[in-house]
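In this note's numbering, the protein residues as written are 732 to 938.
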C-alpha cells in the first residue's frame, strides 16, 4: 500500500465530464477518484467545472465565473471541443481557446504540466443520435479537433489520454451508449478509466 496522501482533483469539460445520462458516481471523474482511493490515497477536494453543451469559450467563461482561488491541484483533466465541432466552429478558433484553457489547467496545477491530462474527444457520429447524419464527416472533424488538442498537449508537456477509439466501438457495442442515445454509458466510462487511471496514478505517486 502506498503512503496515504490527500490529493485534489479538478476536472474541466462539458457533458462528457459531468456524465450526462449516467448517475453522478458513474462519470469518469468520480470513477477515477474511486480507483485512486482504492490505491490508498484520500481526497481533500474534488471539483468539477463542466456543463452540457459547453464549447471552449463557454468553459473559459465558466471557469472565470467559478472564481477559483486555489492553484495547487494535484491532478487536472481537460476534455473539451465536441460542441465546437457540433456547432461547426473553426478549428483555428478551437486551437486558440484550447491553448488558453490548457494554460489555465496548468496554472491550476501549480504551473506543473506533469499534473495535467488532456482527454481526446469521443466520436458521437457512431451513436443512434447521429443516425440521420454523415458519420464519416463527423469522424473526420473529430479527428481534426483531436489532432489539435494532442499537438497542443505535447507542446506544453502535458499527458494525453486517447479514448476516441473506445467511443467508436459503440458501432458494435450498443451497451457503450447511454439511454439517451448520445452520451457514454457507465460501461464506456469504465473503459475510459482503463486509460486514465494508470496516468493519474503515476502523476500522484510522483508527488
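Cβ atoms here follow ideal geometry from the backbone N, Cα and C, with glycine treated the same way.
Using a Cβ distance threshold of 8 Å, residue 930 and residue 878 do not count as a contacting pair.
In the structure shown, residue 739 falls within a strand segment according to DSSP collapsed to helix, strand and coil.
Residue 744 is bridged by DSSP to 781. Partner residues in a beta bridge of residue 882, as assigned by DSSP, do not exist.
By alpha-carbon distance to residue 742, the top candidate from 770, 805, 771, 796 is 805. Residue state for residue 753 is assigned as coil, using DSSP reduced to three classes.
Around the beta carbon of residue 842, fewer than 16 other beta carbons sit within 10 angstroms, so the residue counts as exposed. With at least 16 other beta carbons inside 10 angstroms of its own, residue 790 counts as buried.
If you compare the alpha carbons of 906, 874, 885, 903 with that of residue 895, the shortest gap goes to 874. Taking 8 Å as the cut-off, the Cβ atoms of residue 833 and residue 884 count as close. In the three-state DSSP reduction, residue 847 falls in the strand class (E or B).
The shortest CA-to-CA distance from residue 859 to any of 757, 835, 822, 911 is the one to 911. Residue state for residue 803 is assigned as strand, using DSSP reduced to three classes. Per DSSP, residue 836 is one residue of the alpha helix (DSSP H) stretching across 822–839.
If you ignore the 5 residues before and after residue 761, its C-beta comes within less than 8 Å of the C-beta of 750, 755, 777, all in its own chain and listed in chain order.
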